[in-house]
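To start, the structure under review is shown below, and the notes come after it.
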């Protein structure tokens, strides 16, 4: 009987341990953006959610581990929540206004954008586009107080085919020219693409290189066939895809996206074990705590910085100063050497050669009588006047 009890206890304990181990794999870790323009100084923005999609906050920095190309990080990393030291975010929102969006589908999208503006913080900018042949701008790069909501309300349905892949590529190119470090793209669409010049594979290739997260809000109007493409794009860019069960859910889903973005973790790196070689490398951030674990990966470009123009000018100026200082030191050295020999600025009034202060007569005139006298212009003029 005792053996059976012990056996049952052992089974229950094993099941408990197994359950605990199973629960450890419940963190969804995503590196949604990597900024490596100043490599080896680099920044990664990491979002962490549990298996219910809830944001996980308050994780200790010591729980984060980083590997690059499967090697342990050699260098420094500083981890802090984005909310502690927020920086301006550049949002780009694309909405669908093709023919089937007429009525409530378009109205709810416009309402969601207007409500999103209310959540914007000081310094943040928003660009709004409609999905057409390309991303058609409604307005661009405006802060909260600069946005005229009548521009949003005046958006009408369009007969232009929705080329979502072309529109996304257009927005990515625009974002490349901006200096803002934190950039977010939000797409509200049913995912349908009609006759884009660029294929989805070409879009995926560009998005994978640019490391700009694409968050998408899926809506079903006629069919849900295109929604899988939105999900794939968000997964590829380490963004998030949220499906709207009802059109009225669009506003809340955009707010969820904003919460995810603003409650991320920021990891500042100074990397020593990977050289700047203008090649792509894989960064992996893992989190392991007592009852939860997870990891996320993302490629980044180890940017090899050219010598900046200002540094080139500085180096040239330093070299010139060094040369001038070297010449001055040589001249000073010669003057000191002559002074040590007793040679100063004293000159023979006859031949014009330098003489030592201790000489009573000019050796050049005495021993070299044929030496030519050095005359200056004043002496020549004086002699000419006397002859006349």
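In the numbering used here, the protein residues as written are 1 to 388.
Here a beta-carbon is modelled for each residue, glycine too, at the ideal position from N, C-alpha and C.
When the Cα atoms are used, what is the spatial distance from residue 106 to residue 64?
42 Å
In whole angstroms, what is the alpha-carbon distance linking residue 374 and residue 361?
For residue 374, the pLDDT reaches just 49, beneath the cut-off of 50, and the residue's location in the model is therefore unreliable, although a value from the coordinates is still provided. Going from the Cα of residue 374 to the Cα of residue 361 covers about 17 Å.
Could you give the first and the last residue of the continuous beta strand (DSSP E) run that contains residue 130?
125-131
Can you tell me whether residue 116 is buried or exposed? The criterion is at least 16 other CB atoms within 10 Å of its CB, across all chains shown.
Under the 10 Å beta carbon count, residue 116 is surrounded by 16 or more other beta carbons and is classified as buried.
Among 269, 313, 217, 331, which one has its Cα closest to the Cα of residue 257?
217
Does the beta-carbon of residue 322 have 16 or more other beta-carbons within 10 angstroms, so that it is buried, or is it exposed?
Under this definition residue 322 is an exposed residue.
Is it right to say residue 300 is buried, meaning 16 or more other beta carbons lie within 10 angstroms of its own, or is it exposed?
buried
For residue 295, name the three-state secondary structure that DSSP assigns.
Strand, per DSSP.
Helix, strand or coil for residue 101, going by three-state DSSP, please let me know.
helix
Who are residue 41's beta bridge partners in DSSP?
The partner list for residue 41 (beta bridge, DSSP) reads 270.
Taking DSSP as the reference, what is the three-state secondary structure of residue 232?
When secondary structure is reduced to three states using DSSP, residue 232 falls in the helix class.
Starting from the Cα of residue 182, find the closest Cα among 348, 151, 125, 334 and give me that residue.
125
Could you check if residue 229 is buried or exposed, using at least 16 other CB atoms within 10 Å of its CB as the buried criterion?
buried
Count the other CB atoms within 10 Å of the CB of residue 22; is the residue buried (16 or more) or exposed (fewer)?
Confidence is the limiting factor: at residue 22 the pLDDT is only 49, short of 50, which leaves the residue's position unreliable and the question unanswerable from this model.
Within 10 angstroms of the Cβ of residue 296, are there 16 or more other Cβ atoms? Answer buried if so, exposed if not.
buried
Let me confirm a value: residue 213 is counted as buried when at least 16 other C-beta atoms fall within 10 Å, else exposed. Which label applies?
Burial of residue 213 is indicated by the presence of at least 16 other C-beta atoms within 10 angstroms of its C-beta.
Could you check what DSSP says for residue 135 in three-state terms: helix, strand or coil?
strand
For a quick check, are the C-beta atoms of residue 266 and residue 44 less than 9 Å apart?
yes
Within a Cβ cutoff of 6 Å, which residues of the same chain sit near residue 210, ignoring the five residues on either side of it in sequence?
172
Check this for me: beta carbons of residue 90 and residue 180, under 9 Å apart or not?
yes
Does the beta carbon of residue 230 sit closer than 9 Å to a beta carbon anywhere in chain E?
The chain inventory of the structure shown lacks chain E, comprising one protein chain alone.
Here's a check: name, in chain order, each residue in its chain whose Cβ is nearer than 8 Å to the Cβ of residue 394, leaving out the five neighbours to either side.
An answer regarding residue 394 cannot be provided, because it is not within the stretch 1 to 388 covered by the chain.
Report the three-state DSSP secondary structure of residue 167 (helix, strand or coil).
helix
Below 8 Å on the Cβ atoms is my guess for residue 254 versus residue 135; work out the distance and round it to an integer in Å.
Rounded, the Cβ-Cβ distance is 18 Å, inconsistent with contact.
Rounding to the nearest angstrom, what Cα-Cα distance links residue 318 and residue 35 in this structure?
32 Å
Would you grab the beta carbon distance between residue 248 and residue 240 for me? Rounded to a whole angstrom, and I think it's under 8 Å.
Wrong, their Cβ atoms sit about 20 Å apart, outside the cutoff.
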